[in-house]
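In what follows, a single structure is set out as structure tokens and then discussed.
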Amino acid sequence: MSFMEIKDLQVHYPVRGGFFNTIVDHVHAVDGISMEFEKGKTYGLVGESGCGKSTTGKAIIGLEKITSGSIVYEGVDVTNQRRQRNSSYNRDIQMIFQDAHSSLNPRKRVKDIIAEPIRNFLKLSDLEEKKRINELLAIVGMPEDSKLKYPHEFSGGQKQRIGIARAIASNPKLIIADEPVSALDLSVQAQVLNFLKEIQQELGLSYLFISHDLGVVKHMCDEIAIMNKGRFVESGTKRDIYQSPQHIYTKRLLSAIPNIEPSTREARKVERINVEQNYQVENHKYYDTNGRVYDLLPISDTHAVAKKEEREVVI
Amino acid sequence: MNITQNLLTIKDLHTSFRIKDTYFDAVDGVSIHLKKNEILAIVGESGCGKSTLATSIIGLHDANVTRITGEIEFKGNNLAELSEDRLNDVRGNDIGMIFQDPLSALNPLMRIGDQIEESLIYHTKLSKKERSFRVQELLTQVGIPNPKRVAHQFPHQLSGGMRQRVIIAIAISCKPSIIIADEPTTALDVTIQAQILDLLKDLQAETQSGIILITHDLGVVAEVADRVAVMYAGQIIEEAGVDELFSNPRHPYTRSLLNSIPQTHSDSEKLEVIQGVVPSLVNLPRTGCRFASRIPWIQEDAHENEPQLHEIAPGHFVRCTCWNHFYFEGEEGGSLT
Amino acid sequence: MWKTIFRRVLVMIPQLFVLSLLIFIMAKFMPGDPFTGMITPDTDPARIEELRIQAGFYDPWYEQYFRWISNAAQGDFGKSYTYKLPVSELLGDRALNTLWLALLSVFLLYLIAIPLGVLAGRYQNTFLDKTVVLYSFISYAIPVFVLALIFLFFFGYQLQWFPTSGTVDIKYDNGSLGYIWSKIYHILLPAITFAILGTTGVIQYLRTEVIDAKSQDYVRTARSKGIPINKVYSRHIFRNSLLPVAAFLGFTITGLLGGSIFIETIFGYPGMGQLFIQSISGRDYSVITALVMLYGFLTLLGSLLSDIIMSIVDPRIRID
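Just so you know, the sequences run in chain order A, B and C. By the numbering used here, the letter at position 137 of the first sequence is numbered 137, and the numbering carries on one by one without gaps. Counting the second sequence from 1 gives a position; the numbering used here is that position plus 1000. Counting the third sequence from 1 gives a position; the numbering used here is that position plus 2000.
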């Protein structure tokens, strides 16, 4: 059922030092995560800065070299195969970036930006290409005359739409969206989020939605993984994560989100302090002596938590 | 209202920037006051003038391209008309400032302790020894463990949350009666944000100072503010106590903003979208209701010709009359009342 | 830090080795040799040939190279054919002369450039700023030899304020106060010329840096503390703006140590630049190769020096 599977993905960066500047250690930016992707679903990857969520996204699309683990796409192992130009994997996985402004080449017109994946993957005639560009602009709700303009002539929300048009140009199956709305104002953010949902239904897309904003993730995602120190601490459906969070780190994140009901302030502060105390006290149940997150243990069909395995004493 | 209760009273403030020999108002006639022991939040999207308002208060703009008119009454002086020297007596001393990005707001080449000590040199008569004692006291106060070591460190050696604590220590070093915090948690992770907001609230309770909190994040507002002013296109369009504003928002802009927040506790499928974009400083229409073009389905005569702030309930002000006739696009038409 | 310095010096050895090979081969490709210049109608061609064989010029190039490099490794760069002196001795004198000139030049350069750059940046777009920018453009546009000749003619011959050649008056005893003053007096004019021409880069750099620093967040923080504006400049903007200039300091110093061909030649100052030109026209292989080796070493040293300076002035950069 799943069209793509990631198994035990690891991305390590070398740390150099010593007299001859040799590799003395590795930073485990991503340290063994596994995911499966199904058509039409949105997967959320949540964590604080430096947790490895962006590295995961980049490793999947081939912008970071995978140290170990595998990505199997439609039965074919595509780990570190990104450089093969014409593979269907390249065509079917696309990306939207946080900073729409710097991810668009300022010296290219909108039509050339959008046409790039078309030219790379689709081999259309000039006329068909033109038609496709108009079609894409219509999908992202931009007027046709914008194709002759340059990126700086657009507002932040419009630029993000251009980035989305480029991402969907080659009819991808999965779009990796790395903090796609965190640089946008609230009202524009709402426009882009609504729009992402619309095209998902129209085109049957899957999303890997990478974000630090638990509100946005809840709004967008079906399944969510919480990431900490390069590993998943908890994964499950939206309901699992938000209704019955199990891992102390998840609870801590959730309790820190500001709520727009001022009346709940005091109660929430008390809860926050409690969670923080628990976090200090119960740390050993969730992290081993090296501070590493334990492996995920399933607690239901959909829900898994990284916890110390409590072995039953066998007599 | 008794004026002496107010720490700061701003009346009809205009801050304009020169663009090609013409001045454009980024803050366009703002009147607001801050009371002792109060957190006043000023909220709005980018370009609404909220940060300009904050920096206008202590005159941090480039005087060559900026014009400030109006009254900023503080301790019997009008800050808008004070000389640079007299303003320096107020800055850092009576009014402390906290900025958004704690990394770039600290001098990368200067030790933490020296950066905190600087305001003490110019505003107090403390000896060198007393100052270094006070620096450590301040670092402890903002919750930094091992203050002695941190005072000798450089900004890049601290985490984002710790840096923001240092900035707060600088702001409160001379026990100011007002703290202006410009997006103090925007660059931080949520868990750190919660800690910093708690710290600000605790410090305020301790010192009884007034805080002006500039933010775009309505969640942060709901978490810490006592009173809220919503800004749009250089003007305050709604002002109310925090409970009132969130339970009973009136202005179409406030209501739309609140409905566009993806929330963790609700399962709404679709977010409210505000049509169009925020007009730029140069293209801003200066007459009529500035929000009218973004709610075109509301009939024109619902707006005032020169929209004023109306007190519709004690302490609750709304600009223009259009709120009375507003409904979300696609909903049943009709007035709110 | 010592570890890094030691490592960097070690890395220099293979770099210098490759350089020496290239230099040697290129020197051999030059037409003519030191004896060509000795040929007069009276010289016996057979005698010249004999000298050439004696000097080993007909040996395979690699044999010549190894002979040379193994001597060079022991500090013996051979003998100058023109001066009949060991190269190391010849270079020693010249290098000392150039060193004095370089140090005074660098001192004057920063003495002029730093205040001008900072003032231009601080008072951006004012008359002062425009004047400084105009000055720096003019000094950039004037070729070295033109300015050197103008100065020499005007201050040296017309006004007779400065001596026009040499390094010291012979009437003073070595080491006396008068001797030292005379030395400085002799290098003053070339040093000023040098400094003026070098200011452009530093002024422009510093000006941009100051303008950039003015709008930085930490400067806004400093202003929000209520510090007088002059202190904001001296404590915050100045030091931060000097960083990129400091990054070039190492290169500037070692660059100047190489000497300036034009300035030393025009002012008749016996430094390394002058020696370089003379030895090239005289096909004085041993001197040329030694000089180029020295320049190569200075370049490498400059980059190391710059890194060390940066690690001292910028706490974010640490070398271990």
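The C-beta atom is built at its ideal place from N, Cα and C for all residues, glycine as well.
DSSP state of residue i mapped onto helix, strand, coil
{"i": "residue 1293 (chain B)", "result": "helix"}
{"i": "residue 12 (chain A)", "result": "strand"}
{"i": "residue 1327 (chain B)", "result": "coil"}
{"i": "residue 2045 (chain C)", "result": "helix"}
{"i": "residue 2154 (chain C)", "result": "helix"}
{"i": "residue 152 (chain A)", "result": "helix"}
{"i": "residue 3 (chain A)", "result": "coil"}
{"i": "residue 2163 (chain C)", "result": "coil"}
{"i": "residue 294 (chain A)", "result": "coil"}
{"i": "residue 2012 (chain C)", "result": "helix"}
{"i": "residue 1083 (chain B)", "result": "coil"}
{"i": "residue 232 (chain A)", "result": "strand"}
{"i": "residue 1321 (chain B)", "result": "coil"}
{"i": "residue 287 (chain A)", "result": "strand"}
{"i": "residue 1336 (chain B)", "result": "Annotation note: pLDDT 47 at residue 1336 (chain B) (below 50); position unreliable, no value reported."}
{"i": "residue 118 (chain A)", "result": "helix"}
{"i": "residue 40 (chain A)", "result": "coil"}
Whole-Å CB distance - residue i paired with residue j, under 8 Å assumed
{"i": "residue 1228 (chain B)", "j": "residue 1065 (chain B)", "result": "That belief does not hold up - the Cβ atoms of residue 1228 (chain B) and residue 1065 (chain B) are roughly 30 Å apart, past 8 Å."}
{"i": "residue 1088 (chain B)", "j": "residue 2218 (chain C)", "result": "So it is not a contact: roughly 17 Å between Cβ atoms."}
Between the CA atoms of residue j and residue i - distance to the nearest angstrom
{"i": "residue 1361 (chain B)", "j": "residue 75 (chain A)", "result": "Only positions 1001 to 1337 of chain B appear in the structure, and residue 1361 (chain B) is not among them; the question remains open."}
{"i": "residue 204 (chain A)", "j": "residue 1325 (chain B)", "result": "40 Å"}
{"i": "residue 2300 (chain C)", "j": "residue 2005 (chain C)", "result": "12 Å"}
{"i": "residue 207 (chain A)", "j": "residue 36 (chain A)", "result": "12 Å"}
{"i": "residue 250 (chain A)", "j": "residue 65 (chain A)", "result": "29 Å"}
{"i": "residue 2253 (chain C)", "j": "residue 2188 (chain C)", "result": "17 Å"}
{"i": "residue 1231 (chain B)", "j": "residue 1045 (chain B)", "result": "8 Å"}
{"i": "residue 2199 (chain C)", "j": "residue 2109 (chain C)", "result": "6 Å"}
{"i": "residue 2210 (chain C)", "j": "residue 133 (chain A)", "result": "46 Å"}
{"i": "residue 1311 (chain B)", "j": "residue 1251 (chain B)", "result": "12 Å"}
{"i": "residue 10 (chain A)", "j": "residue 288 (chain A)", "result": "19 Å"}
{"i": "residue 145 (chain A)", "j": "residue 135 (chain A)", "result": "13 Å"}
{"i": "residue 1153 (chain B)", "j": "residue 2194 (chain C)", "result": "41 Å"}
{"i": "residue 1335 (chain B)", "j": "residue 1275 (chain B)", "result": "Any answer about residue 1335 (chain B) is weak, because its pLDDT of 47 lies below 50 and its placement is not dependable; what the coordinates show is given next. Spanning the two alpha carbons is a distance of roughly 20 Å."}
{"i": "residue 302 (chain A)", "j": "residue 6 (chain A)", "result": "17 Å"}
{"i": "residue 51 (chain A)", "j": "residue 16 (chain A)", "result": "21 Å"}
{"i": "residue 1313 (chain B)", "j": "residue 1207 (chain B)", "result": "31 Å"}
{"i": "residue 2092 (chain C)", "j": "residue 2275 (chain C)", "result": "12 Å"}
{"i": "residue 156 (chain A)", "j": "residue 1086 (chain B)", "result": "41 Å"}
Under 8 Å between C-beta atoms of residue i and residue j
{"i": "residue 2225 (chain C)", "j": "residue 1118 (chain B)", "result": "yes"}
{"i": "residue 87 (chain A)", "j": "residue 212 (chain A)", "result": "no"}
{"i": "residue 2257 (chain C)", "j": "residue 2291 (chain C)", "result": "no"}
{"i": "residue 1058 (chain B)", "j": "residue 1033 (chain B)", "result": "no"}
{"i": "residue 2098 (chain C)", "j": "residue 2302 (chain C)", "result": "no"}
{"i": "residue 2220 (chain C)", "j": "residue 1120 (chain B)", "result": "no"}
{"i": "residue 1237 (chain B)", "j": "residue 1319 (chain B)", "result": "yes"}
{"i": "residue 79 (chain A)", "j": "residue 70 (chain A)", "result": "yes"}
{"i": "residue 180 (chain A)", "j": "residue 152 (chain A)", "result": "no"}
{"i": "residue 1142 (chain B)", "j": "residue 1181 (chain B)", "result": "no"}
{"i": "residue 1039 (chain B)", "j": "residue 1224 (chain B)", "result": "yes"}
{"i": "residue 308 (chain A)", "j": "residue 285 (chain A)", "result": "yes"}
{"i": "residue 1317 (chain B)", "j": "residue 1244 (chain B)", "result": "no"}
{"i": "residue 323 (chain A)", "j": "residue 163 (chain A)", "result": "The question about residue 323 (chain A) has no answer, for chain A in this structure spans 1 to 315."}
{"i": "residue 2008 (chain C)", "j": "residue 2206 (chain C)", "result": "no"}
{"i": "residue 2281 (chain C)", "j": "residue 2080 (chain C)", "result": "no"}
{"i": "residue 2250 (chain C)", "j": "residue 2165 (chain C)", "result": "no"}
{"i": "residue 1256 (chain B)", "j": "residue 1272 (chain B)", "result": "yes"}
{"i": "residue 43 (chain A)", "j": "residue 232 (chain A)", "result": "no"}
- request: Kindly provide the ranges of any alpha helix (DSSP H) runs that are 4 or more residues long and lie completely inside the region 1230-1278 of chain B, ordered along the chain.
  value: Runs of the alpha helix (DSSP H) inside the region 1230-1278 of chain B: 1242-1247, 1252-1259.
query: Taking only runs of the alpha helix (DSSP H) that begin and end inside the region 2197-2264 of chain C, which ones reach a length of at least 4 residues, in chain order?
result: Listed in chain order, the complete alpha helix (DSSP H) runs (minimum 4 residues) inside the region 2197-2264 of chain C are 2217-2224, 2238-2257.
Sequence ranges, beta strand (DSSP E) only - wholly within the region 154-227 of chain A, length at least 3: Runs of the beta strand (DSSP E) inside the region 154-227 of chain A: 174-178, 206-211.
query: At what residue ranges does the region 1009-1081 of chain B contain a whole run of the beta strand (DSSP E), taking only runs of 3 or more?
result: You should have 1022-1035, 1039-1043, 1066-1074.
message: At 4 residues or longer, what runs of the alpha helix (DSSP H) sit wholly inside the region 2055-2130 of chain C?
response: Complete alpha helix (DSSP H) runs here, min 4: 2061-2073, 2087-2122.
query: Along the chain, which unbroken stretches of the alpha helix (DSSP H) at least 4 residues long are found entirely within the region 1112-1188 of chain B?
result: Under the rule that a run must span 4 or more residues, the alpha helix (DSSP H) segments found entirely inside the region 1112-1188 of chain B read 1112-1123, 1128-1141, 1147-1151, 1160-1172.
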